[in-house]
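The structure appears right after this line, and notes come after that.
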Amino acid sequence: MKTVKKAALIIICLAALIIGASSIVITQENEYSLVRQFGKVDHVITQAGISFKVPFIQSVDKLPKQVLLYDLPSSDVITSDKKTMICDSYILWEIADPLKFAQTLNSSISNAEGRLDVIVYNSTKNVISSTSQDDVISGRNGELSDAVIANIGNSLDQYGIELLAFETKKLDLPGDNKAAVYERMISERDNIAATYTAEGSSEAQIIRNTTDKEVTVLLSEADKEAAILVAQGEAEYMRILAEAYNDASKQEFYSFVRSLDALKISMQGGNKTVILSPDSPIAQIFYERE
30 MKTVKKAALI
40 IICLAALIIG
50 ASSIVITQEN
60 EYSLVRQFGK
70 VDHVITQAGI
80 SFKVPFIQSV
90 DKLPKQVLLY
100 DLPSSDVITS
110 DKKTMICDSY
120 ILWEIADPLK
130 FAQTLNSSIS
140 NAEGRLDVIV
150 YNSTKNVISS
160 TSQDDVISGR
170 NGELSDAVIA
180 NIGNSLDQYG
190 IELLAFETKK
200 LDLPGDNKAA
210 VYERMISERD
220 NIAATYTAEG
230 SSEAQIIRNT
240 TDKEVTVLLS
250 EADKEAAILV
260 AQGEAEYMRI
270 LAEAYNDASK
280 QEFYSFVRSL
290 DALKISMQGG
300 NKTVILSPDS
310 PIAQIFYERE
């Protein structure tokens, strides 16, 4: 009898332990816990911690709460000028409403990625179809990303998904026409560079002509000022000479000095003999001093 009671007690304890363990729900920081009852979601646990459910009647599914990365397959897109390009991109997304996610996508990440693939590709195709190939090749990835996200809008809300970012890893040309397109773009850039060079040369010539004109005017004014100063100096010089030789004694000395200068000039060369007539002005200065 004691053995039966002991066995029954053990069974009860094990059952209680099993029931207690099956009723505990542990939710981590990076996950949602979806409590289902008879296959239908009864409630969602969004906060990390320990909670409880009805054992054997309710079950628990887990959904990721962190940011998820999905690498979209490379696909062809056509620009507004009917040129084909290859788009290789990825997105960052997260489950914003786990209940909607579970109801519409059956709590399946692969189902969600399938929907994201279609919606993001269609949006990318629509945006690029309104953009020329030159603008796409110019590398306006920031504008492209914003345009794709804006084009998607709130269409993912019905699945409980929030799109956080769209980025292109590569937006390139098919191999068969890449070289031709690059050559055309190089030619266009060369034409633009030649235009800038011509405009710069024209502007430089205008600046040089203006500068030469200003220099000519400044030199002319400087020559004019110099001529005025020379004239004023010569006038002042003549005035000083006139004042210096204003009386008779100074005039006689001046005449004597001028005569000596004339005699000195006449004795240049190897012949130092000068023959003067008594009537010569030069000879007169010697006769007058005897």
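Count along the sequence shown from 1, then add 29; that gives the number in the working numbering. Glycine included, each C-beta is placed from N, C-alpha and C at the ideal position. Predicted, not measured: the structure shown is a model, and the values here were computed from it.
Ile148 and Ser184 do touch by the CB rule: their CB atoms are close to 6 angstroms apart, below 8 angstroms. Spatial neighbours of Glu191 in its own chain (CB-CB distance under 6 angstroms, excluding positions within 5 residues in sequence) are listed in chain order as Glu123, Ala125. If you draw a straight line from the Cα of Ala256 to the Cα of Met267, it comes to about 16 angstroms. Secondary structure note for Asp186: it is in no alpha helix (DSSP H), with a DSSP letter that is neither H nor E. In the assembly as shown, Ala131 is a buried residue. Its beta-carbon has 16 or more other beta-carbons within 10 Å.
By the Cβ rule, the region 176-183 counts as touching the region 150-161, because three or more pairs are nearer than 8 angstroms. Put simply, of Phe67, Lys69, Pro93, Ala222 the residue whose alpha carbon is nearest the alpha carbon of Glu58 is Pro93. Ranked by how close their Cα comes to the Cα of Thr56, the residues Ile74, Phe67, Lys69 have Ile74 in first place.
Per the C-alpha coordinates, the member of Tyr99, Ala271, Tyr61 positioned closest to Ala77 is Tyr61. Annotated three-state conformation of Ala194 is strand, per DSSP. Within the same chain, Cβ atoms closer than 8 angstroms to the Cβ of Gln187 are found at Lys129, Thr133, the five residues on either side in sequence being excluded. Considering only Met114, Ala291, Pro102, Thr108, the residue with the shortest C-alpha distance to Leu200 is Met114. A straight-line Cα-Cα distance of about 15 angstroms links Ser249 and Val259. In this structure, the alpha-carbon of Arg144 lies about 10 angstroms from that of Tyr150. In the DSSP assignment, Thr75 falls outside any alpha helix (DSSP H), carrying neither H nor E. Between Ile120 and Ala194, the C-beta spacing is below 8 angstroms.
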